[in-house]
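The numbering used here puts the first residue of the sequence shown at 105, with every later residue one more than the last.
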Amino acid sequence: MNLLFASSNKNKIKEIQAMMPPNIHLIGLSDIHFSEEIPETSPTIKENAIQKAAFIYDYLKNNPASMDINGVFADDSGLEVEALGGAPGVYSARFAGEQKNDGANNKKLLQELKNTTHRNAQFKTVIAFINAKGLQTIEGIIKGTIAYEERGKNGFGYDPLFIPTGYRSTFAELDFGIKNSISHRANAIKNLLNLLQHR
Ligand code: ITT
């Protein structure tokens, strides 16, 4: 089965590639010669995921790919911090500004939490999947806490600050394989694969 992943985030692509079973061939935006930025202007994570998947699904109608594509999916993710009322949430990539800088985002998060020990947070991924039968959305969540300083070099985004429940290490200190088996994205992908089996 050929599935197109509508993302230009190299880290997400690497993670999702590693989660796919052998019978699923992941196609990227470069394989369909798409190199623009997909609009991401919706007010929620779920609506952004739908917006991205729908944009590429429509693009394929006007620009048919040279290979068979059995479905298109997009991942929109965000970090929701309890003490910040769920922020940065849908604005996770742009928390510290339009330049979408991971280091600046992490610094800003530490700054906003500097006077509190209330560190609960969760990562959320919503996957929107579209094929000829229609649209489905699937969610994956992992709960944890925000560390007091950045720790670790693996991963991307807020990984140096996120400690998943049940662990003492941040995602950036854990092996790629461990993050990839427990993360918000892993949970969403497991649910997507389940859905595809029954669809
Ligand atoms: P797309 O091309 O797939 O849209 P993006 O980078 O724009 O990629 P999002 O809109 O989903 O992705 O942005 C989510 C932001 O949340 C991202 O820039 C990271 O800062 C953060 N994030 C998402 N997943 C993460 C993860 O697994 N670990 C750490 N941070 C993550």
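Glycine included, C-beta positions come from ideal geometry on N, C-alpha and C. Model, not experiment: these values are computed from the prediction.
### Message
The beta strand (DSSP E) that contains F109, what's its start and end?
### Response
For F109, the uninterrupted beta strand (DSSP E) segment begins and ends at 106-109.
#### Entry: Any non-hydrogen atom of the ligand ITT closer than 7 Å to G238 Cβ
For G238, the shortest C-beta to heavy atom distance toward the ligand ITT is 7 Å or greater.
### Task
Taking 5 Å as the limit, tell me which residues put their C-beta closer than that to any heavy atom of the ligand ITT, in chain order.
This selection yields S111, S112, N113, D180, S181, S196, A197, G261, Y262, D263.
#### Entry: Burial state of H302, where buried means 16 or more other Cβ atoms lie within 10 Å
Label assigned to H302: exposed.
### Message
Could you tell me which whole beta strand (DSSP E) segments of length 3 or greater appear in the stretch 146-223?
### Response
When DSSP assignments are scanned along the stretch 146-223, the uninterrupted stretches of beta strand (DSSP E) that are 3 or more residues long and fall wholly within it turn out to be 175-185.
### Query
Quick one, which of L107, R255, G201, F233 has its alpha-carbon nearest D172's?
When only C-alpha atoms are compared, the closest one is L107.
### Query
Using CA coordinates, which residue listed in N127, E140, M105 is at the minimum distance from N113?
Closest by C-alpha distance to N113, out of N127, E140, M105, is E140.
### Task
Would you give the residue range spanned by the beta strand (DSSP E) that F260 belongs to?
First-last for F260: undefined, no H or E at that position.
### Query
Can you give the Cα-Cα distance for F109 and K165, rounded to whole angstroms?
Computed Cα separation, rounded: 16 Å.
#### Entry: For G244, the three-state DSSP class (helix, strand or coil)
If DSSP states are grouped into helix, strand and coil, G244 belongs with the strands.
### Query
Do you know how far the Cα of K204 is from the Cα of Y161?
Approximately 26 Å between the Cα atoms of the pair.
### Query
Count the other CB atoms within 10 Å of the CB of F266; is the residue buried (16 or more) or exposed (fewer)?
The Cβ neighbour count for F266, taken over all protein chains shown within 10 Å, is at least 16; the residue is labelled buried.
### N-terminal and C-terminal residue of the alpha helix (DSSP H) that L300 is part of
Per DSSP, L300 belongs to the alpha helix (DSSP H) from 288-302.
### Query
So is the beta-carbon of E144 under 7 Å away from any non-hydrogen atom of the ligand ATP?
This structure lacks the ligand ATP; the ligands present are the ligand ITT.
### Message
Do T241 and K150 count as a contact pair if the criterion is CB distance below 8 Å?
### Response
With a cutoff of 8 Å on beta-carbon distance, K150 and T241 are scored as near each other.
### Query
So does the stretch 223-242 actually touch the stretch 197-212, counting three or more Cβ pairs closer than 8 Å?
At 8 Å Cβ cutoff, the stretches do not touch.
### Task
Out of L299, G281, L300, point me to the one whose CA is closest to M123's CA.
Selected option, being the one with the closest Cα: G281.
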